[in-house]
Amino acid sequence: MVGRQRRRESLVFAALIPTLIALSAAGDTFVPGDRLEDGGSLVSSDGSFKLGFFTPGKSNFRYLGIWYNQISVQTVVWVANRDSPLPNRTGILSISINGSLSLSDTKGVAYWSTPPTRVAGPVAKLLDDANFVVAGAGEGEYAWQSFDHPTDTLLPGMKLWVDRRTGLTKNLTSWKSDDDLGTGDYTSFLDSRGDPQIILVQGSKQVWRSGPWVGGRFSGIPEMRSYGIFNFSFVSNADVAYYQFSTRNKSVLSRLAVQPKGLIERLVWIQGVGEWNVFWSGPRDRCDAFGYCGIFGVCDANESPMCRCLQGFEPKSPENWSLRDGKDGCRRRTALDCQNGTDGFLLLANAKLPDTSGVMVNEMATEECREACLRNCSCTAYAMKEMMNGGRSSCILWSGVLADLRVYDDGGQDLFVRLARADIGTTGEKYLQLGWNSSSRVFRAGGSDHL
0 MVGRQRRRES LVFAALIPTL IALSAAGDTF VPGDRLEDGG SLVSSDGSFK
50 LGFFTPGKSN FRYLGIWYNQ ISVQTVVWVA NRDSPLPNRT GILSISINGS
100 LSLSDTKGVA YWSTPPTRVA GPVAKLLDDA NFVVAGAGEG EYAWQSFDHP
150 TDTLLPGMKL WVDRRTGLTK NLTSWKSDDD LGTGDYTSFL DSRGDPQIIL
200 VQGSKQVWRS GPWVGGRFSG IPEMRSYGIF NFSFVSNADV AYYQFSTRNK
250 SVLSRLAVQP KGLIERLVWI QGVGEWNVFW SGPRDRCDAF GYCGIFGVCD
300 ANESPMCRCL QGFEPKSPEN WSLRDGKDGC RRRTALDCQN GTDGFLLLAN
350 AKLPDTSGVM VNEMATEECR EACLRNCSCT AYAMKEMMNG GRSSCILWSG
400 VLADLRVYDD GGQDLFVRLA RADIGTTGEK YLQLGWNSSS RVFRAGGSDH
450 L
């Protein structure tokens, strides 16, 4: 009797062996009952990405992550247990019958997990775009996906996203270092206040912003207009706001990453050289540092000193300004005269639009926008942004201070700064536009075109 029982158990075990091998060989998928141990991996069906265990740089710890599978430099794009690394090669990834992923060691100590789901017959799969998903058998929607939990990297198809109803965000946060993949000091996210813009912070300190989306690009990244190998998408409505990109040629590998040194970098893989090329990075100079020239100050990287006050403004701290410290910013020389309608506007061309976290945005034409600003005594500036694909133009209205303002040689936006009539002179300005009671009076001023 005992012998028959042992033979039966042996037959069952023998029958399981080819099943386990087949599951392992399937490559991109595993189900409840499977175990992905250190040394094993999942590979997306097209071979582009691999999920497995790895040790970065000079670290002694093990992480579960996803990396490019077909290039010579291991480049990790997502990490599951970034703040709970394994001390050795005992990691095991499994999925329960309720769809919860779990990373533990051979002693059962948990290092990372995902919430349970309500799907029937859960399946975990590594997709061709590097998204690691959990879905029910035969279901199209994902109960959980790694794209909803990014680490430091944005890939084509991923979204830098904010739910404007709940405030939930999908952020990118740097590693601590190339050897320590724990949560680092720098985080980039989409700030949905006012007119949305991408922000980079170090802890609670803002260090850079992209400026608002102005139809095909961000105001603070004018060179995006020449990025012919990419498609950029930006959506903003009452419910959500998000930014994403794709490459026009799928053979081009590109990623956006927040680096431990405090830079956001767009990188492109150069196959012939076998390395990543920095296609763009920010902050790129001192003028990109948030608020470098203070409120109502303008930064020009081509000038020395780089900071100056807007026409009609003067340094708050002349002594600091003379020492080339412009952080205190500028103050208005002459108070606005809203009640009598004598205020006008100074055009600042090729500008990175000021911080838009507190602005009002409405669809309207240029004349409507200008008059709306003049009717509002707290309005200090306005700008227009053209929408793509036949969309109506939008008007941005600033109230209060203008912060983090810079100019470019080319490619910026037109910003109209409100001034008292006494401060609208005839030198230094490129264009002058007088009050809304004389709306047709737009003329070219004498003097230099330099702003």
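The numbering of the sequence shown is numbering that gives the first Met the number 0, which starts it at 0 and goes up by one.
We put the beta carbon where it would ideally sit given N, CA and C, even for glycine.
Q: Could you check what DSSP says for residue 22 in three-state terms: helix, strand or coil?
A: Within the sequence shown, residue 22 is the residue found at index 23, counting from 1. Low local confidence applies: a pLDDT of 39 at residue 22 is under 50, so the model's placement there is unreliable, with the coordinate-based value given in what follows. The answer is helix: DSSP assigns residue 22 an H, G or I state.
Q. Helix or strand or just coil, what does DSSP make of residue 329?
A. In the sequence shown, counting from the first residue as 1, residue 329 sits at position 330. The answer is strand: DSSP assigns residue 329 an E or B state.
Q. Whole beta strand (DSSP E) runs in the region 184-246 with 3 or more residues, listed along the chain?
A. 196-201, 204-211, 229-235, 239-246
Q: Take residue 289 as the anchor and find which of 370, 311, 354 has the nearest alpha-carbon.
A: Working through the sequence shown from its first residue, we reach residue 289 at position 290. Minimum Cα distance to residue 289 is reached at 354.
**Q.** Rounded C-alpha distance that separates residue 48 from residue 198
**A.** In the sequence shown, residue 48 corresponds to position 49, counting from 1. In the sequence shown, residue 198 corresponds to position 199, counting from 1. Taking the straight line joining both Cα atoms gives about 29 Å.
**Q.** Pair within 8 Å by beta-carbon distance, residue 85 and residue 92
**A.** By one-based count along the sequence shown, residue 85 stands at place 86. By one-based count along the sequence shown, residue 92 stands at place 93. For residue 85 and residue 92, no; Cβs fall outside 8 Å.
Q.
For residue 142, tell me which candidate among 219, 408, 122 has the shortest Cα-Cα distance.
A. The residue given as residue 142 occupies position 143 in the sequence shown. For residue 142, the nearest C-alpha among the options comes from 122.
Q. Where does residue 378 fall in DSSP's three states?
A. As a first step, residue 378 is located in the sequence shown; it is residue number 379 there, counting from the start. Strand at residue 378.
Q) Mind checking residue 338: buried by the 16 CB within 10 Å criterion, or exposed? A) Taking the first residue of the sequence shown as position 1, residue 338 is located at position 339. So residue 338 counts as exposed.
Q: Could you check what DSSP says for residue 28 in three-state terms: helix, strand or coil?
A: Translated into the one-based positions of the sequence shown, residue 28 becomes position 29. Strand, per DSSP.
Q. What is the DSSP secondary structure of residue 319, reduced to helix, strand or coil?
A. Position 320 of the sequence shown, counting from 1, holds the residue named residue 319. Helix at residue 319.
Q | Spatial distance of residue 247 from residue 61 (CA atoms) | A | Translated into the one-based positions of the sequence shown, residue 247 becomes position 248. Translated into the one-based positions of the sequence shown, residue 61 becomes position 62. When rounded, the distance between both Cα atoms is 35 Å.
Q | Top-ranked residue by Cα proximity to residue 56, from 42, 46, 72 | A | The count along the sequence shown starts at 1 and reaches residue 56 at position 57. Selected option, being the one with the closest Cα: 72.
**Q.** Under 8 Å between C-beta atoms of residue 219 and residue 209
**A.** Here residue 219 corresponds to residue number 220 of the sequence shown, with the count starting at 1. Here residue 209 corresponds to residue number 210 of the sequence shown, with the count starting at 1. Yes.
Q: Determine the DSSP secondary structure at residue 436, reduced to helix, strand or coil.
A: On the sequence shown, position 437 is the one that residue 436 refers to. Since pLDDT at residue 436 reaches only 31, below the 50 mark, its modelled position is unreliable, and the value read off the structure follows with that caveat. If DSSP states are grouped into helix, strand and coil, residue 436 belongs with the helices.
Q) Leaving out the 5 sequence neighbours to the left and right, which residues in its chain are closer than 7 Å to residue 24 when beta-carbon positions are compared? A) Your numbering for residue 24 matches position 25 in the sequence shown. Bear in mind that the predicted position of residue 24 carries a pLDDT of just 38, short of 50, making it unreliable; the figure below should be weighed with that in mind. Closer than 7 Å at Cβ, skipping near neighbours: no residue.
Q | Limits of the unbroken beta strand (DSSP E) element including residue 413 | A | Taking the sequence shown and counting its residues from 1, the one referred to as residue 413 is at position 414. Per DSSP, residue 413 belongs to the beta strand (DSSP E) from 412-418.
Q. Given a threshold of 16 other Cβ atoms within 10 Å of its Cβ, counted over all protein chains shown, does residue 151 qualify as buried or as exposed?
A. Residue mapping note: residue 151 aligns to position 152 of the sequence shown, counting from 1. Residue 151 comes out buried.
(Q) My output table needs one value for residue 337: the three-state DSSP class, helix, strand or coil. (A) Indexing the sequence shown from 1 puts residue 337 at position 338. In this structure, residue 337 counts as coil in the three-state DSSP scheme.
(Q) On the DSSP bridge list, what partners appear for residue 121? (A) Residue numbering aside, residue 121 sits at position 122 when the sequence shown is read from its first letter. Answer is 135.
Q) For residue 260, which option in 372, 281, 250, 232 has the closest C-alpha, if you only look at C-alpha atoms? A) In the sequence shown, counting from the first residue as 1, residue 260 sits at position 261. Per the Cα distances, 281.
Q.
I'd like to confirm the pairing. Which residues does DSSP put opposite residue 249 in its beta bridges?
A. Counted from its first residue, the sequence shown places residue 249 at position 250. According to DSSP, which records beta bridges pairwise, residue 249 is partnered with nothing at all.
Q: Identify whether residue 409 lies in helix, strand or coil by the three-state DSSP scheme.
A: For the purposes of this step, residue 409 is taken as the residue at position 410 of the sequence shown. Reduced to three states, the DSSP call for residue 409 is coil.
Q: Go ahead and label residue 253 buried or exposed: buried means 16 or more other beta carbons lie within 10 angstroms of its beta carbon, across all protein chains shown.
A: Taking the sequence shown and counting its residues from 1, one reaches residue 253 at position 254. Looking at its Cβ environment, which holds 16 or more other Cβ atoms inside 10 Å, residue 253 is buried.
**Q.** For residue 344, the nearest candidate out of 352, 317, 372 (CA to CA)
**A.** As a position in the sequence shown, residue 344 is number 345, starting the count at 1. Of 352, 317, 372, the residue nearest in Cα terms is 372.
Q. Apart from the five residues on each side of it in sequence, which residues of its chain come closer than 6 Å, Cβ to Cβ, to residue 87?
A. Against the sequence shown, residue 87 aligns to sequence position 88. No residues qualify anywhere along the chain.
Q. Which value, in whole angstroms, describes the spacing of the CA atoms of residue 242 and residue 96?
A. Locating residue 242 in the sequence shown gives position 243, counting from the first residue. Locating residue 96 in the sequence shown gives position 97, counting from the first residue. Each residue's Cα considered, the two are about 34 Å apart.
Q) In chain order, what residues of the same chain have a beta carbon less than 6 Å from the beta carbon of residue 30, not counting five sequence neighbours either side? A) Walking along the sequence shown from the start, residue 30 turns up at place 31. Correct list, in chain order: 122.
Q: Please determine, among 44, 50, 46, the residue with the shortest C-alpha to C-alpha distance to residue 37.
A: Translated into the one-based positions of the sequence shown, residue 37 becomes position 38. The shortest Cα separation from residue 37 among 44, 50, 46 belongs to 50.
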